[in-house]
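Asker:
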Amino acid sequence: MARPDSHGNVLVFIEADHGEVASVSLELVCKARQLADVLDVEVQAGIIGNQLENLTGEILAYGCDTLFMAEDERLTLYETVPYSETFSSIVKRTRPQIVLFGATPIGRDLAPRIASKLKTGLTADCTELKIADHEDKKHNKTYENILYQIRPAFGGNILATIVSPDHQPQMATVREGVMKLSEPSSNNRGVVVSFKPDLIDGDFVNTLVERVVGKRKVNLKAADIIVSGGAGVGSKEDFELIYELASTLGGLVGASRAAVDNGYVSRDHQVGQTGTTVRPKLYIAAGISGCIQHQAGMNQSGKIIAINTDPDAPIFQIAHYRIIGDLNDVIPVIIKAYKSNNREPSGA
Ligand code: FAD
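Going by the numbering used here, the first residue of the sequence shown is number 4, and it counts up by one from there.
#1: What separation, rounded to the nearest whole angstrom, lies between the Cα atoms of Cys294 and Asp329?
#2: From Asp40 to Thr277, what distance separates their C-alpha atoms?
#3: Using CA atoms only, rank isn't needed, just tell me which of Arg270, Val263, Ser231 and Ser238 is closest to Leu248.
#4: Would you say the beta carbon of Thr277 comes nearer than 6 Å to a heavy atom of ligand 1?
#5: Need the endpoints of the alpha helix (DSSP H) that Tyr341 sits in, please.
#6: State the CB to CB distance for the pair Ile291 and Ser259, rounded to an integer number of angstroms; the pair is presumed to be in contact (CB under 8 Å).
#7: May I ask you to report which of helix, strand or coil DSSP gives Ser87?
#8: Would you say Ala156 touches ligand 1, meaning its beta carbon is less than 6 Å from a heavy atom?
#9: Output yes or no for whether 7 Å exceeds the beta carbon distance between Gly257 and Val236.
#10: With DSSP as the reference, label Val274 as helix, strand or coil.
#11: Tell me the residue span of the alpha helix (DSSP H) that contains Thr107.
#12: Give me the Cβ distance between Leu42 and Ala19, rounded to the nearest whole Å; I'm assuming they're in contact under 8 Å.
#13: Can you tell me the Cβ-Cβ gap for Leu202 and Pro317, rounded? I've got them flagged as a contact below 8 Å.
#14: Going by Cα to Cα distance, which pick from Gly233, Ser250, Thr251 and Gly254 is closest to Asn265?
#15: Name the one or two DSSP bridge partners that Leu70 has.
#16: Mind pulling the beta strand (DSSP E) runs of 3 or more residues that sit fully within the region 182 to 259?
#17: Can you determine whether any heavy atom of ligand 1 sits closer than 6 Å to the C-beta of Gln296, and answer yes or no?
#18: Can you pull the DSSP bridge partners for Phe16?
Set out below in structure tokens:
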């Protein structure tokens, strides 16, 4: 059995498309920095594509020590076989103890292939990662500085901590928005190691006929203010009240999964474990009970205001301000008060 190599670094797969680094990759570099500092090792990253030079500065600024850059014209767009060949060559070369991927469609395709090639485990959709010691009572063994891979399990009702102490590297995927982005700094000085991957034409088995890129309609991640409605809103028509409050406050509309499933609003508004993870300065939850799967996507918000008729609703346990009442009464009062406080002085 392979034992963890405590000298191995923390490696991040960097996803890039259309000349931009995916935000989840930068978030993972920040998380990798924290883990590497605890372990006293380096943060390394691997980026694959073509003409990537312009992207390297940003990745290093977030705390990457060494960036492996694999360029080839044929790698301009993601393709499973050549990308997994190239990234596993980076893993074999760097022998990391931890490898992190964004839980994006690409990360979800690539990470299991790498894990399978390396005969190691993979924990998908982690919501927290930390370094701690692990005691295996059954075999009377203690492992030092193991990666705790924490994620919701059994429908989100419990948080499971998963470890793979006997296999190397320890691998995890993490969804966008879960890890906090720290401030980039030009003082972070890493190095770029550029190389041409060893690929044959046979690695490229697909022919791209057409590429259709769908645009995300609602960018909840970037919003400072989110007003979310839940099943308690009652109908698609009544959801207009949520839109009205959001537009009054200059925010965006979010929703619980129940509101989406009931057809009140489209799925790209969903916040939570299977929706978007958000960290706005202000999150207003109206008619949302606050199940753990919803909380998983918004409990890092700066301030949370909850409006609910049920004083025992779980959302009140994490809310900074609690309004017990019918949202149909409360929201118009908030809109009116906000508008009258922000009215321009006459003659201005
Ligand atoms: P409810 O739980 O039905 O709550 C409605 C609330 O509205 C109640 O608290 C009620 O008191 C209140 N209310 C009713 N009328 C009014 C009124 N007039 N004024 C004020 N308050 C009122 N859920 C998510 O949200 N996001 C996810 O990403 C997500 N992922 C999931 C993943 C899995 C694997 C599973 C199993 C579930 C997931 N869920 C998710 C579903 C989650 O468990 C809950 O079912 C859902 O969050 C409930 O939505 P809700 O709070 O709007 O509805």
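Where is the CB? At the ideal position from N, CA and C, for every residue including glycine.
Answerer: According to the structure data:
#1: Within the sequence shown, numbered from 1, the residue matching residue 294 stands at position 291. Within the sequence shown, numbered from 1, the residue matching residue 329 stands at position 326. Straight-line Cα distance between these residues: approximately 19 Å.
#2: Here residue 40 refers to the residue found at position 37 of the sequence shown. Here residue 277 refers to the residue found at position 274 of the sequence shown. Rounded to whole angstroms, Asp40 to Thr277 spans 31 Å at the Cα level.
#3: Your numbering for residue 248 matches position 245 in the sequence shown. For the options Arg270, Val263, Ser231 and Ser238, the alpha carbon positioned closest to that of Leu248 is the one of Ser231.
#4: Start at 1 with the first residue of the sequence shown, and residue 277 comes out as number 274. At least one heavy atom of ligand 1 is found less than 6 Å from the C-beta of Thr277.
#5: The sequence position of residue 341 within the sequence shown is 338, counting from 1. Its alpha helix (DSSP H) spans residues Leu330 to Asn344.
#6: Position 288 of the sequence shown, counted from the start, is the residue given in the question as residue 291. Position 256 of the sequence shown, counted from the start, is the residue given in the question as residue 259. Their Cβ separation, rounded to whole angstroms, is 5 Å, which keeps Ile291 and Ser259 in contact under 8 Å.
#7: Here residue 87 refers to the residue found at position 84 when the sequence shown is read from its first residue. Secondary structure at Ser87: helix, using DSSP grouped into helix, strand and coil.
#8: Numbered from its first residue, the sequence shown carries residue 156 at position 153. No, Cβ of Ala156 sits at least 6 Å from all heavy atoms of ligand 1.
#9: In the sequence shown, counting from the first residue as 1, residue 257 sits at position 254. In the sequence shown, counting from the first residue as 1, residue 236 sits at position 233. No, they are not a contact pair.
#10: Taking the first residue of the sequence shown as position 1, residue 274 is located at position 271. If DSSP states are grouped into helix, strand and coil, Val274 belongs with the strands.
#11: Counted from its first residue, the sequence shown places residue 107 at position 104. Taken as a continuous stretch (DSSP letters only), Thr107 belongs to no alpha helix (DSSP H), as it is neither H nor E.
#12: For the purposes of this step, residue 42 is identified with residue 39 of the sequence shown, where counting begins at 1. For the purposes of this step, residue 19 is identified with residue 16 of the sequence shown, where counting begins at 1. Cβ-Cβ separation between Leu42 and Ala19: approximately 26 Å, too far for a contact (criterion under 8 Å).
#13: Counted from its first residue, the sequence shown places residue 202 at position 199. Counted from its first residue, the sequence shown places residue 317 at position 314. About 51 Å separates the beta carbon of Leu202 from that of Pro317, a gap too long to meet the 8 Å contact definition.
#14: Numbered from its first residue, the sequence shown carries residue 265 at position 262. Distance check between Asn265 and each of Gly233, Ser250, Thr251 and Gly254 places Gly233 closest, using alpha-carbon atoms only.
#15: Numbered from its first residue, the sequence shown carries residue 70 at position 67. According to DSSP, Leu70 bridges with Ala48 and Val195.
#16: List check, beta strand (DSSP E) in window: 194 to 198, 228 to 232 and 255 to 258.
#17: Here residue 296 corresponds to residue number 293 of the sequence shown, with the count starting at 1. Remark: the shortest separation between the CB of Gln296 and any heavy atom of ligand 1 falls under 6 Å.
#18: Position 13 of the sequence shown, counting from 1, holds the residue named residue 16. Looking at the DSSP assignment, Phe16 forms a beta bridge with Gly49.
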